[in-house]
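Notes follow once the structure below has been shown.
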Amino acid sequence: MTRRAARLALCAAGLLALAGCGIRGSDVVEAGGAPTVVVAPFPESRLLLYFLGPDGRLMPVSRDVGRIGVPVPTRSGPGGDPDAATGETVPFDGFGQGYEIDAGHPYAAGIAPAKALAALFAGPRPPERAAGLTTALPPDGLRAAQVRTDGPDGLLIRVGFPVRSLPPGAVGQLVCTMAFSADRSGTARVTVTGTDGSLPASSCEV
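Set out below in structure tokens:
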């Protein structure tokens, strides 16, 4: 791991610790125009996503969400129709302006954890990848995914792929991202269910 990557991971860990203590930290900033990743502060207008740092450990990244009640998995063209150039919807991570959703879509109820799940499966953005962040989750994992906030042990995440063989980092990404999307303290318990059964309910231990 390079010195810059090590500093980035260390900063992320320190800022997350500050956030857990109720102390506001500041954004990660490096001189010289190098890639940077925003990990703090964690205000009401942001979601906290977990990706893997250069050393393979979980690393928090905060994202501006704007209207947090409107998760959006596809992009619309002018006038609310599909993209005029292609006639197709475009995969999207649920953030930014100019994106709409049909009222009948399952996500239209505005569940914040569903929006976080869409952003997580979309993976790191180019600047985040340039900073060394990766994901262990399948790129098409959002298909058939469902989020329930009334599960018997807290949050229930149902995905359309096997989960028992997922690496620990991938499970951690799901659990920590969902825990912080449901409860800003990150203490919510999360159960991940896939096509091969369920993993034990767990909480974010980062």
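Taken in order, the sequence shown gives residues -19 to -1, 1 to 187; the numbers are from mature numbering (1 follows the signal peptide of the UniProt record, and there is no 0). All residues carry an ideal CB built from backbone N, CA and C; glycine is no exception.
- The alpha-carbon of Arg44 is positioned some 13 Å away from that of Ala93.
- Between the alpha carbons of Arg27 and Gly113 lies a distance of about 21 Å.
- At the C-beta level, Gly141 and Arg165 stay beyond 8 Å of one another.
- Here Leu137 is actually not in contact with Arg145; their C-beta atoms are around 16 Å apart, not less than 8 Å.
- Taking each of Gly178, Asp177, Gln154 and Pro105 in turn and checking the Cα distance to Gly167, the smallest one comes out for Gln154.
- Taking the CA atoms as reference points, Ala169 sits about 9 Å from Asp134.
- Secondary structure of Leu123 (DSSP, three-state): coil.
- Comparing alpha-carbon positions, the option among Leu98, Asp131, Ala100 and Thr116 lying closest to Pro35 turns out to be Thr116.
- Between Ala126 and Arg106, the C-beta spacing is not below 8 Å.
- The C-beta of Ala100 has 16 or more other C-beta atoms within 10 Å across all chains shown, which makes the residue buried.
- Contact between Ala97 and Thr158 holds, since their C-beta atoms are separated by about 5 Å, short of 8 Å.
- Annotation for Gly175: Val140, Phe142, Pro143 and Val144 place their beta carbon closer than 6 Å to its own, counting only its chain and skipping 5 residues before and after.
- DSSP, reduced to helix, strand and coil, places Thr158 within a helical segment of the structure shown.
- Here Val140 carries a coil assignment [DSSP, helix/strand/coil].
- Residue state for Leu101 is assigned as helix, using DSSP reduced to three classes.
- If you ignore the 5 residues before and after Val152, its C-beta comes within less than 7 Å of the C-beta of Val173 and Leu180, all in its own chain and listed in chain order.
- Per DSSP, reduced to three states, the secondary structure at Gly34 is coil, with no helix or strand assignment.
- For the options Val42, Pro149, Ser184 and Phe102, the alpha carbon positioned closest to that of Pro108 is the one of Val42.
- The alpha-carbon separation between Pro119 and Pro149 amounts to approximately 14 Å.
- Within the same chain, Phe102, Val140, Gly141 and Phe142 come within 8 Å of Gly122 by CB-CB distance, once the 5 residues on both sides are set aside.
- Rounded to whole angstroms, the separation of the alpha carbons of Leu30 and Ser184 is 15 Å.
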